[in-house]
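A short write-up of the structure that comes next.
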Amino acid sequence: MVELETFPNPRPERPYTITHVCHEFTSVCPKTGLPDFATVTIRYIAAEVCLELKALKYYFLEYRNKGIFYEAVTNAILDDLVAACQPLEMTITTEWGVRGGMTSVIEAQYKRD
1 MVELETFPNP RPERPYTITH VCHEFTSVCP KTGLPDFATV TIRYIAAEVC LELKALKYYF
61 LEYRNKGIFY EAVTNAILDD LVAACQPLEM TITTEWGVRG GMTSVIEAQY KRD
């Protein structure tokens with residue numbers, strides 16, 4: 001697995017929202033073996049560190065051939081990114097392309113206690 005990299009938050013004393021959008025996310029349907037396409041939106045309030053984008057892109061590429069359901073992908077991304085950067089808050093939203101005439105949007109949230 002690609003190591004998710006971080007860098008120091010330039011303004012840790014100020015809560016501000018960071019949003020990253022990946023329009024080219026792909027994984028594989030575990031039932032059919034066909035590719036699934038999604039837009040992944042990461043929205044978070046950083047604490048001490050921020051996510052580095054090149055490593056994030058390579059992290060997403062690891063899902064390209066992985067058979068996994070939408071809900072599992074969304075929650076796995078949230079778990080991995082929270083572990084990497086320990087944000088104050090984070091929301092992962094995945095918006096899946098049309099399959100069988102339907103689209104799906106999955107959202108998972110984390111908030112530090």
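Residue numbers (the working numbering): 1 to 113.
Positions of the beta carbon are idealized from the N, C-alpha and C atoms, including for glycine.
- Boundaries of the alpha helix (DSSP H) around lysine 54: 53 to 61.
- Beta-bridge partners assigned by DSSP to threonine 41: Val21, Thr93.
- Counting along the chain, valine 105 sits inside the beta strand (DSSP E) bounded by residues 102 to 111.
- Methionine 1 is classed as exposed because its beta carbon has fewer than 16 other beta carbons within 10 Å across all chains shown.
- In the three-state reduction of the DSSP assignment, valine 82 falls in the helix class, which pools H, G and I.
- If you draw a 10 Å sphere on the C-beta of valine 73, you find 16 or more other C-beta atoms in it, and that means buried.
- With contacts defined by Cβ atoms closer than 7 Å, threonine 94 and valine 40 form a contacting pair.
- Closest in C-alpha terms to glutamate 24, from the list Gly33, Ala38, Tyr58, comes Ala38.
- Boundaries of the beta strand (DSSP E) around proline 8: 6 to 8.
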